[in-house]
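Per the working numbering, the very first residue in the sequence shown carries number 10; after that it's consecutive.
So the structure is just underneath, and the comments pick up after that.
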Amino acid sequence: MARFEPNAHEEIAKISQELSFFDIKLLPPDLNLSGFDFKIEGGNIRYGLNSIKGVSGKVVESLIEFRGNNFSNKYDVFMCAKECGVNIGTMSAFIQAGLLDSFSNNVLDEMFDKDKSSDRCRLVLEAQTFNILTEREKRNVIELGEKFNYDILKTIHSCRTENTPADDGRVLFPDRRFNTFKKKYEPYKKIYEQNSSHIKFANWFFETQLLGYSYSYNIRDIFVNEDSVSFNNSEEVRTSPERRRVKFVGDVTDIMKRTSRNGNKYARIEMQDELGSVCGLFLDSNREERLTNFLNSGKKLPKKGNIAIIFGSVGDDVVFVDKIETIQEKIYMRLSELK
């Protein structure tokens, strides 16, 4: 199985690429439908929970226990996850990877907008906000849940504005406590604001990082509005005749800078999309020192893990790059990434 490979997610990415040629889908992990390992589902394959990056077998067992519960609202989900030992970092990752997207008991429909994937960032913020509340605050927020449609942000805002008393008669969020809460909340809010401004990219990023592939979007969908020239996918690039002009966007899987035997500098860039890989050569020649001029202008080559766009002409198993751009949008997975 892929999870036993030295780099399991690279293998999963390759498998998802190959399955598409056989009209087989690699279905995403789903809290209701996935098992511990990959399994056959109809004519397709369902992603196994134990292959989600950074998730231990113990947590997976807890998740399987978790899904056996009946929930009346999202607060029940948050509380049950904690009781099962699923920490907030893992819970946030699960939401961003879409693990709850089709958790379709009617009682949970209020958790999502019509386009479920578009609301993941907001739901993550709500889960994180709930997690930093004290037990007293959680108890009272849960009691107020129905009044505010189980929206924790609206609940807290109203309680602060109205000086709502708690069940012990004291103000639920007095100034001193609220200031402490706010210090913990603000970094999560910054992550939400950044990620939610790039919804498609955020969903693609989290799915790719946590699962090894994206099932919601291909990478061309995300950056299609960068300019008027359509992107070529990797299969189109590989099957194009020599000298054809192409434009490709993909994940940089490897890059190295060298000097050829005749003294010309070059960069070899390995990239991939959901259909396969493309190799680009960005090089100096006797006619033009493209790479040197690029670097001397203050620009930097992309790094492994970056998303890049290349423009160029097709050669023998390579693309001779005329221009390269690194996508600058940043998606945050954890607080430590905030500067």
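Glycine included, every Cβ here is placed at the ideal spot set by N, Cα and C.
None of the values given here were measured: they were computed from a predicted structure.
Could you tell me which residues DSSP puts in a beta bridge with residue i?
i	result
Asp293	Glu298
Val233	Answer by DSSP bridge pairing: none, since Val233 is not bridged.
Val246	DSSP lists no partner for Val246.
Pro174	Val180
Quick check: the Cα distance between residue i and residue j, rounded to an integer number of angstroms?
i	j	result
Ile33	Arg252	33 angstroms
Tyr194	Thr335	31 angstroms
Ile54	Ser205	30 angstroms
Asp128	Cys93	24 angstroms
Ile231	Ser25	19 angstroms
Asn295	Asn227	38 angstroms
Tyr341	Tyr197	10 angstroms
Ile138	Glu146	Here residue 138 is Thr; the residue named in the question, Ile, does not match the sequence. Those two C-alpha atoms are separated by around 11 angstroms.
Ser81	Leu284	41 angstroms
Met100	Asp85	13 angstroms
Met265	His166	51 angstroms
Ala317	Thr262	11 angstroms
Asp325	Val246	11 angstroms
Gly307	Glu171	54 angstroms
Gly63	Lys256	34 angstroms
Lys163	Phe157	7 angstroms
Glu298	Asn241	26 angstroms
Asp122	Glu155	Since pLDDT at Asp122 reaches only 46, below the 50 mark, its modelled position is unreliable, and no value is offered.
Ser239	Lys313	24 angstroms
Gly51	Ile21	20 angstroms
Ser71	Ala90	8 angstroms
Leu35	Ile61	14 angstroms
Phe87	Asn96	10 angstroms
Lys23	Ile49	18 angstroms
Lys192	Ser269	54 angstroms
Glu27	Asp331	30 angstroms
Asp293	Gly272	9 angstroms
Ser29	Ala17	19 angstroms
Thr173	Ile161	14 angstroms
Asn115	Thr301	Confidence is the limiting factor: at Asn115 the pLDDT is only 42, short of 50, which leaves the residue's position unreliable, though a coordinate-based value still follows. Rounded to the nearest angstrom, the two C-alpha atoms are 60 angstroms apart.
Ile319	Arg267	19 angstroms
Cys168	Gly98	27 angstroms
Glu346	Asn305	29 angstroms
Asn140	Val180	20 angstroms
Relative to the alpha-carbon of residue i, which residue among the options has its alpha-carbon at the smallest distance?
i	options	result
Pro37	Ile104, Ser81 and Gln137	Ile104
Ala175	Ser286, Gly77 and Leu153	Leu153
Glu244	Gly259, Val233 and Phe232	Gly259
Phe75	Ile97, Asn41, Asn59 and Ser81	Asn41
Asp39	Gly51, Glu27 and Gly57	Gly57
Gly66	Asp46, Asp282 and Gly178	Asp46
Glu279	Lys199, Phe329, Leu162 and Asn158	Phe329
Arg277	Arg270, Ala106, Val327 and Val64	Val327
Glu19	Leu109, Gln281 and Leu181	Gln281
Ile333	Gly52, Gly321 and Ala90	Gly321
Ala106	Leu300, Met88 and Leu132	Leu132
Ser249	Ser71, Val323, Cys89 and Lys192	Val323
Phe303	Lys274, Asn149 and Ile141	Lys274
Phe182	Leu142, Gly51 and Phe210	Leu142
Ser43	Lys23, Glu346 and Val69	Val69
Val150	Lys83, Lys309 and Val233	Lys83
Asp177	Ile161, Arg148, Glu338 and Phe31	Arg148
Leu134	Glu202, Leu35, Ile73 and Lys309	Glu202
Tyr159	Thr173, Leu292, Ala136 and Arg343	Ala136
Phe59	Ile319, Lys23, Arg343 and Leu219	One point to set straight first is that residue 59 is Asn, not Phe, in the sequence displayed. With distances taken between Cα atoms, Asn59 lies closest to Leu219.
Pro311	Gly77, Asn305 and Gln337	Gln337
Ile200	Leu300, Ile208, Arg343 and Arg229	Arg343
Asn315	Thr301, Leu300, Asp293 and Lys339	Lys339
Ile208	Asn16, Arg229 and Cys130	Cys130
Ala102	Ala211, Arg169 and Val180	Ala211
Quiz prompt | 3-residue-minimum beta strand (DSSP E) runs that sit fully inside the region 27 to 85, ordered along the chain | solution = 48 to 50 and 53 to 55
Practice problem: Report yes or no: do the region 215 to 226 and the region 286 to 295 share at least 3 C-beta pairs separated by less than 8 angstroms? | Solution: By the C-beta criterion, the region 215 to 226 is judged not to be in contact with the region 286 to 295, since fewer than 3 inter-stretch pairs fall below 8 angstroms.
Quiz item: Does the region 183 to 190 come within contact of the region 212 to 221, defined as at least 3 CB pairs closer than 8 angstroms?
Solution: no
Practice problem: Starting from the N-terminal side, write out each stretch of the beta strand (DSSP E) that is 3 residues or longer and does not extend beyond the region 251 to 335. | Solution: 254 to 268, 274 to 282, 285 to 292, 316 to 323 and 328 to 335
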